[in-house]
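Visitor:
Numbering (our numbering), first residue to last: 10 to 137.
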């Protein structure tokens, strides 16, 4: 099994290489909008990896982009074999990363509180 630091290095390397491959070599018409690989989580045996993808756009664009990326998973894995120095290139499973959407939703809530004239200390005092 790989140690934690090695897994973190592999995760960073895979994130960078997958991002480069999607930007330069994947020509799927479903990949619209801004697509970002936000995180890669590799299993301790380095055989499987979850790749988190952030896609800007509405739900249909996000789902369509995820389907496009997932359909290119075997191609990406094959290309990674020539780019990374690993005994095994992990199987890639792509997942939507909703962290940016959640952050945007929270910013809207904060903006609404600010526009209503409620400061953070007043809001916590009212909640008590």
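Where is the CB? At the ideal position from N, CA and C, for every residue including glycine. Owing to the predicted nature of the structure, the values given are computational and were not obtained by experimental measurement.
Quick check on the DSSP output: what are the complete beta strand (DSSP E) runs of length 3 or more inside the stretch 46-75, in order along the chain?
Guide: Those beta strand (DSSP E) runs which fall completely within the stretch 46-75 and span 3+ residues are 57-64.
Visitor: For residue 30, does the three-state DSSP call read helix, strand or coil?
Guide: For this step, residue 30 is matched to residue 21 along the chain shown. It is helical.
Visitor: Around the C-beta of residue 69, are 16 or more other C-beta atoms found within 10 angstroms, so that it is buried, or is it exposed?
Guide: Indexing the chain shown from 1 puts residue 69 at position 60. Classification for residue 69: exposed.
Visitor: Evaluate residue 100 with the Cβ neighbour count: other Cβ atoms within 10 Å of its Cβ, from every protein chain shown; 16 or more gives buried, anything less gives exposed.
Guide: Sequence index remark: in the chain shown, residue 100 carries index 91 (1-based). Exposed: under 16 other Cβ atoms inside 10 Å.
Visitor: Might you give, ordered along the chain, the residues of its own chain that have their beta carbon closer than 8 angstroms to the beta carbon of residue 74, omitting 5 neighbours on each side?
Guide: Numbered from 1 along the chain shown, position 65 holds the residue referred to as residue 74. The residues are 39, 40, 41, 42, 44, 62, 64, 66.
Visitor: Check each candidate in 14, 13, 19 and name the one with the smallest Cα separation from residue 97.
Guide: Here residue 97 refers to the residue found at position 88 of the chain shown. Checking every option, the nearest Cα to that of residue 97 belongs to 19.
Visitor: Can you tell me whether residue 115 is buried or exposed, with buried defined as 16 or more other CB within 10 angstroms of its CB?
Guide: Position 106 of the chain shown, counted from the first residue, corresponds to residue 115. Residue 115 is exposed by the Cβ-count criterion.
Visitor: Give the straight-line distance between the Cα atoms of residue 47 and residue 26, rounded to the nearest whole angstrom.
Guide: By one-based count along the chain shown, residue 47 stands at place 38. By one-based count along the chain shown, residue 26 stands at place 17. Those two C-alpha atoms are separated by around 12 angstroms.
Visitor: Nearest-angstrom Cα distance between residue 106 and residue 55?
Guide: By 1-based counting over the chain shown, the position of residue 106 is 97. By 1-based counting over the chain shown, the position of residue 55 is 46. Roughly 21 angstroms separates the two Cα atoms.
Visitor: Given this structure, state the Cα-to-Cα distance separating residue 83 from residue 95, to the nearest angstrom.
Guide: As a first step, residue 83 must be located in the chain shown, where it is residue number 74. As a first step, residue 95 must be located in the chain shown, where it is residue number 86. When rounded, the separation of the alpha-carbon atoms in residue 83 and residue 95 is 16 angstroms.
Visitor: Can you give me the Cβ contacts of residue 35 inside the same chain, cut-off strictly under 6 angstroms, excluding the 5 residues immediately before and after it?
Guide: Counting from one through the chain shown, the residue named residue 35 turns up at place 26. For residue 35, where only same-chain residues beyond five positions count, the Cβ hits under 6 angstroms are 81.
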